[in-house]
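I have placed the structure first, in the form of structure tokens, so that the comments after it can refer back to it.
Dropping the structure here:
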């Protein structure tokens, strides 16, 4: 992916699961670029979502890339299962994995993009020894575990710090993804900070999905 890319990744956590296939088709036709999958195990975060059977089912109805955010303990045990189910991008929390570098290598060795997730309270410096090996960083702009939360403005400072680290390490090709409270009224500021991939749940699925996608994508590029 080009470093100046801007992509919208609706999170199906906010979709109506009784008509999930239809809703995915709707957002794909509206212009969504990626499908974001929030995977929770009830241990790393206090919520449980879905796993491989759901991913395998929706993989049959869309060719959009699947971006899996693993909020699970010991993600290395399940990486190959998520890849087999059809995921194209996999990110995990470094404090949830016993061997972070080994988990990154496992993902990348299967031609899948590997990402590290930073919670709002996780400092950017945890990336100093692993930024050389990853494809993207997912910055959480809410505390993970539930959808529909409000954006934490201070997390934009983390984007600036990450960009400095990328410059210092020669890894300016690393993509920056942000997730949490992203809507049409704040996506422009987030985009201007340097974010490449925008995860939006209720900002897409609440109300008119086609119109929501249109407004989000318009505002992603409004400053260019």
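Residue numbers (the numbering used here): 7 to 230. C-beta atoms are modelled at their ideal positions from N, C-alpha and C, and glycine is treated no differently. Treat the numbers as computed from the prediction; the structure is a model and nothing was measured.
Inset, instruction - Specify the secondary structure class of residue 147 as computed by DSSP and reduced to three states. - result: If you number the chain shown from 1, residue 147 lands on position 141. The answer is coil: DSSP assigns residue 147 none of H, G, I, E or B.
Legend entry - Nearest neighbour of residue 80, chosen from 105, 176, 92 [CA to CA]: For the purposes of this step, residue 80 is taken as the residue at position 74 of the chain shown. For residue 80, the nearest C-alpha among the options comes from 105.
Inset, instruction - Starting from residue 233, follow the alpha helix (DSSP H) in both directions and report where the run begins and ends. - result: Nothing can be reported for residue 233: it is not among the residues displayed for the chain, which extend from 7 to 230.
Legend entry - Backbone secondary structure at residue 23 - three-state DSSP: For the purposes of this step, residue 23 is taken as the residue at position 17 of the chain shown. In this structure, residue 23 counts as helix in the three-state DSSP scheme.
Inset, instruction - Thinking residue 234 and residue 183 are a contact (beta carbons under 8 Å), I'd like their distance in whole angstroms, please. - result: Outside the displayed span of the chain (7 to 230) sits residue 234, for which this structure offers no information.
Legend entry - At least three beta-carbon pairs within less than 8 Å, the region 199-218 to the region 8-28: yes
Legend entry - For residue 183, three-class secondary structure by DSSP: Your numbering for residue 183 matches position 177 in the chain shown. Reduced to three states, the DSSP call for residue 183 is strand.
Inset, instruction - Taking residue 211 as part of the beta strand (DSSP E), name the residues at either end of that continuous run. - result: In the chain shown, residue 211 corresponds to position 205, counting from 1. It is not in any beta strand (DSSP E) - residue 211 instead sits in the alpha helix (DSSP H) that spans 208-211.
Legend entry - Among 55, 170, 33, the one whose alpha carbon lies nearest that of residue 216: Numbered from its first residue, the chain shown carries residue 216 at position 210. Looking at the Cα atoms, 33 is the closest of the given residues.
Inset, instruction - Specify the secondary structure class of residue 230 as computed by DSSP and reduced to three states. - result: Start at 1 with the first residue of the chain shown, and residue 230 comes out as number 224. The pLDDT assigned to residue 230 is 49, lower than 50, so where the model puts this residue is not dependable; a value taken from the coordinates is nonetheless given after this. Residue 230 falls in the coil class under three-state DSSP.
Legend entry - Secondary structure of residue 44, DSSP reduced to three states: Walking along the chain shown from the start, residue 44 turns up at place 38. Correct three-state label for residue 44: strand.
Inset, instruction - Could you tell me the distance, in whole angstroms, from the CA atom of residue 118 to the CA atom of residue 88? - result: Taking the first residue of the chain shown as position 1, residue 118 is located at position 112. Taking the first residue of the chain shown as position 1, residue 88 is located at position 82. Answer to the nearest angstrom: the Cα atoms are 10 Å apart.
Legend entry - the region 58-78 contacting the region 163-181, beta-carbon criterion three pairs below 8 Å: no
Legend entry - Whole-number beta carbon distance between residue 64 and residue 30, since they are thought to touch under 8 Å: Within the chain shown, residue 30 is the residue found at index 24, counting from 1. Within the chain shown, residue 64 is the residue found at index 58, counting from 1. Indeed, because the Cβ distance is near 6 Å, the residues count as touching under 8 Å.
Inset, instruction - Throw me the rounded Cβ distance for the residue 43 and residue 21 pair, which I believe falls under 8 Å. - result: Numbered from 1 along the chain shown, position 37 holds the residue referred to as residue 43. Numbered from 1 along the chain shown, position 15 holds the residue referred to as residue 21. The Cβ separation is near 11 Å, so there is no contact.
Inset, instruction - Sort 191, 198, 224 by Cα distance to residue 208 and report the nearest one. - result: Here residue 208 is taken as the residue at index 202 of the chain shown, counted from 1. For residue 208, the nearest C-alpha among the options comes from 191.
Inset, instruction - List the DSSP bridge partners of residue 1. - result: Summary: the structure shown does not reach residue 1, with the chain confined to residues 7 through 230, and so no result is reported for it.
Inset, instruction - Look up residue 141 in the DSSP assignment and say whether it is helix, strand or coil. - result: Counting from 1 along the chain shown, the entry for residue 141 is found at position 135. Coil at residue 141, not helix or strand.
Legend entry - CB of residue 193 within 8 Å of CB of residue 222, strictly: Walking along the chain shown from the start, residue 193 turns up at place 187. Walking along the chain shown from the start, residue 222 turns up at place 216. Contact flag set, yes.
Legend entry - Extent of the continuous beta strand (DSSP E) run through residue 193: Here the question's residue 193 lines up with position 187 in the chain shown. Segment 193-199 is the alpha helix (DSSP H) holding residue 193; no beta strand (DSSP E) there.
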